[in-house]
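Read the structure below first, then the notes.
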Amino acid sequence: MISAHRRNNSLDRVKINGEWLSEEQKVREGIVNAFQQLLLEDMGWKEDIGRIQLDQISQQEAENLETPFSKTEVHSALMEMNGDKAPGSDGFTVAFWQSCWEFAKKEILEMFREFHEHSSFLKSLNNTFLVLIPKRMLANRLKKVVGKVVSTAQNAFVTRRQILDASLIANEVIDSWQKRKEKGLICKLDIEKAYDSINWKFLLKVLQKMGFGSKWLGWMWSCLSSAKFSVLVNGVPTGFFSSTKGLRQGNPLSPYLFVMGMEVLDVLIRRVVEGGFLIRASKEHLTHLSWILFWFEAASSLRINLAKSEIIPVGEVDEIEELAVELGCRVGSLPSQYLGLPLGLLIGLFLCGMGALWKWQYISKGGRITFIKSTLASMPIYQMSIFRMPKIFARRLEKVQRDFLWGEGNLEGKIHLVKWEVVCTDKNKGGLGLRKLALLNKVLLGKWIWRYACDEDNLWKQVITTKYGQEGLGWRSKKANGAIGIGVWKEILKESTAVHCFPHLFVMAIHRNATVEEMWDQNSGQGGVIGLLWRKILFFGGEEEMVSSGSRKLIVYWPILMIPFFLQGVLGGLGAN
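If you use full-length UniProt numbering, the sequence shown corresponds to residues 1 to 577, in order.
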């Protein structure tokens, strides 16, 4: 079977620049040359970003980033890395260095001392997993300050922000336009080979304008320029060459550097919006947008892929085809997809495939349970984190899981030997540890209510507060009314009654999957469950008293007041009897 796969996956010929290559050596050379051209920077003119004003970190923060690496910091970064990856070109895995830390720590720390002083590695280390340790450490330092220089409009890779925030904002804006019967234009822009194309000198200028020191810039240059590439052609490594642009996918610094580079585009767009040059769905204003994108490409080498970009009208937008021609992209329509989630559609498409049925019979029961947990039950989680799953969808997806667990590799049904409710209980209670999708959906949506109470200035919270208002001293938003529209927030609030009542208590709960029976302490009186239940005592301090004026009474009379919360809320939801 392995030989058959190799034959099917082998590359016999390839077409490069209109010419077919079939000879094995020429195929390899052609592929390597194509990748080299892709990763070589055009040495032409680049726009200067000197007049762009970016947010900066403080002088103290810049100095803290450049402090010497401690042994604890190095060890923590090493242990955070995934040890199960395939060995590097030197034959050693990350797990090897993790297990041999006590034996090799002296040499590893010496390598870090040299990197701190000279901002470079020995060339022989560039092909080992050791070179990823300092990059992991620098990424751990960088992520602490990246939120201070990246605007709230960017949600990915920033602490306390989520990529789901952008989907919520987009759907709520469309909902507002539709309810007010206003017209608008959505521009979905795709960047062509984003990680592979960004200019290194542009990134260093951005970091410099954000207040990073010279030593940090030297470290970044070393991490960017030391990468080497080899192309695997029919299982054989071919070529060994450097690049002069782009970010490496496996580099833990890459996501943070990319969002910091995109901050320049964010500043440009904000400037033209504030100036009134990009506020209407008109040909003139789209011309301004195209100028911005062209200028950004000239500075960063990031080009908009017009073949994958589109403009989507909301309402009756005049001359939509002419607007698309002006920007150079196609016309789309609602509903659409954004970040892998529905846009302009209230119900998500909760689908998951089963794969080839004939393979079922070759998987053991243990393997099927693992497959259900890792794949079938995990695939819809991304959509369940923001959309309320209809009950009929939950039943269908759970039926797929049941059939896969008990099936025999054909379309004929088979008796399910154990009730699904028992299967979904914890292993220590006789179940298999699977999760009920409807209940999991409620918990995931409940996290939004918790985030609304805890987040301070995130953009998604500003949008919700402006649209619906807030109450309860800012702990929650007002109820989202209206029978029409695609308001995602309105659906989220349907699952949040109990969490609305006690949002701060959920944050301090130690055992979030616990049932009432598990938390009940018969030997400690009316208020004896406090030490088991909470991360900190509620009797003291002013912050906890914001929950209610009777917070002391709430805990003392726990058997009376807290049972409804456990029965209805998130704390007891996953494991309530």
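A virtual CB, placed ideally from N, CA and C, is assigned to each residue, including glycine.
Remember, it's a predicted structure, so these values are computed and weren't measured experimentally.
- With a threshold of 16 other beta carbon atoms within 10 Å, residue 170 meets it and is buried.
- Residue burial annotation: residue 166 is buried, with at least 16 other C-beta atoms found within 10 angstroms of its C-beta.
- Around the CB of residue 305, fewer than 16 other CB atoms lie within 10 Å, so the residue is classed as exposed.
- By the criterion of at least three beta-carbon pairs nearer than 8 Å, the stretch 68–88 is not in contact with the stretch 42–49.
- The alpha-carbon of residue 317 is positioned some 27 Å away from that of residue 295.
- With a cut-off of 8 Å on Cβ pairs, the stretch 226–244 is in contact with the stretch 16–33, counting three or more such pairs.
- Membership of residue 242 in the beta strand (DSSP E) is indicated by the continuous run 236–242.
- Rounded to the nearest whole angstrom, the C-alpha separation of residue 21 and residue 196 is 25 Å.
- Only exposed fits residue 481, as fewer than 16 other CB atoms lie within 10 angstroms of its CB.
- Using a 10 angstroms sphere on the CB of residue 87, the tally of other CB atoms stays under 16, which defines it as exposed.
- For residue 290, same chain residues with a beta-carbon under 8 Å away, outside a window of 5 residues either side, are 326, 327, 328 in chain order.
- A Cβ-Cβ contact shorter than 8 Å links residue 467 with residue 172.
- Judged by DSSP secondary structure, residue 257 falls within the alpha helix (DSSP H) whose first and last residues are 254–274.
- When DSSP states are grouped into helix, strand and coil, residue 216 belongs to the helix group.
- With fewer than three CB-CB distances shorter than 8 Å, the stretch 147–158 does not count as touching the stretch 273–285.
- Closest in alpha carbon position to residue 442, among 225, 201, 101, 386, is 386.
- Beta-bridge partners of residue 341 (DSSP): 338.
- The beta carbon of residue 184 lies closer than 7 Å to those of 177, 281, 314, 315 in the same chain, with the five residues before and after it left out.
- Of 232, 203, 228, 371, the smallest CA-CA separation from residue 219 is found for 203.
- Our two residues, residue 278 and residue 11, have alpha carbons roughly 48 Å apart in a direct line.
- Residue environment analysis places residue 398 among the buried positions, since at least 16 neighbouring C-beta atoms fall within 10 angstroms of its C-beta.
- Closest in C-alpha terms to residue 97, from the list 75, 23, 152, 309, comes 75.
- DSSP places residue 178 in the helix class (H, G or I) of the three-state scheme.
- Contact between residue 311 and residue 331 holds, with the beta-carbon distance rounding to 6 Å and staying under 8 Å.
- According to DSSP, residue 186 shares a beta bridge with 312.
- Buried is the label assigned to residue 141, since at least 16 other Cβ atoms lie within 10 Å of its Cβ.
- In its chain, beyond the 5 residues on either side, 145 have a beta carbon closer than 7 Å to the beta carbon of residue 61.
- Only residues of its own chain outside the window of five on either side were considered, and among them 478 have a CB closer than 7 Å to the CB of residue 471, listed in chain order.
- Looking only at 214, 473, 136, the smallest Cα-Cα distance to residue 112 is reached by 136.
- Sorting 207, 309, 461 by C-alpha distance to the C-alpha of residue 58 places 207 at the top.
- Minimum Cα-Cα distance from residue 108 among the listed residues 78, 117, 119, 300 corresponds to 78.
- With fewer than 16 other Cβ atoms from the protein chains shown falling within 10 Å of its own Cβ, residue 374 counts as exposed.
- Burial check for residue 460: the Cβ neighbour count within 10 Å reaches 16 or more, so the residue is buried.
- Classified as buried, residue 265 has 16 or more neighbouring CB atoms from the shown chains inside 10 Å of its CB.
- Comparing C-alpha distances from residue 244 to each of 224, 233, 251 shows the shortest one belongs to 224.
- 8 Å or more divides the Cβ of residue 293 from the Cβ of residue 198.
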